[in-house]
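Enquirer:
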Amino acid sequence: IMIMDNDGSNKTVLYSEPVEEPWYRDICWTRDGEYLIFSQADGGNRAVKVLHIESQTITEIHGGMHVGGLGVQNHWTSPLENKIVYMLISPGGSDLYMMHYEMDGDEFKIKGTPLQLTDELSTGHGYQQPDWMVWDGQ
2 IMIMDNDGSN KTVLYSEPVE EPWYRDICWT RDGEYLIFSQ ADGGNRAVKV LHIESQTITE
62 IHGGMHVGGL GVQNHWTSPL ENKIVYMLIS PGGSDLYMMH YEMDGDEFKI KGTPLQLTDE
122 LSTGHGYQQP DWMVWDGQ
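So for the sequence shown, the numbering used here puts the first residue at 2; every next one is plus one.
See below:
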């Protein structure tokens, strides 16, 4: 995972791990810009990881996002609060969930239990990556 200037210069590698088939997605920043949250898959194994940029500390939070052992996908962070919204995949449908997190130095922790936001979407397709909307303080 790299960052660079908009003209393609000043490339900086933030995270690199040797895997057979690297797959990264759902890459997003915490609102303070100190952590990068992303999904990583290697073959059939998927994990949600948090990288503290300054210390390069990696924390895996995938287990804290599970509800009933379902797969986690399409997470995104709030621009105003320490929250992540994401989709849990189940056979034949999916639900949106939200969870709180806290940060202390290079330590990132899940706080509380995930909150279900929707009833199961039974189309079999699921939700795309959610986006947070901010307007007039509501």
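Backbone N, C-alpha and C define an ideal beta-carbon position, used for all residues, glycine too. If you're wondering where the values come from, they're calculated on a predicted model, not measured in any experiment.
Quick one: measure Cβ to Cβ for T119 and L97, integer angstroms, because I've assumed they're closer than 8 angstroms.
Expert: 5 angstroms
Enquirer: Judging by CA-CA distance, which residue of L37, D6 and D107 is the nearest neighbour of H76?
Expert: L37
Enquirer: If you measure between the beta carbons of G72 and L89, is that distance less than 8 angstroms?
Expert: In this structure, L89 lies closer than 8 angstroms to G72 by Cβ.
Enquirer: Below 8 angstroms on the Cβ atoms is my guess for H53 versus F109; work out the distance and round it to an integer in Å.
Expert: 7 angstroms
Enquirer: Note down the Cα distance separating E35 from Y87, rounded to an integer number of angstroms.
Expert: 20 angstroms
Enquirer: P80 to E103, Cα distance in whole Å?
Expert: 14 angstroms
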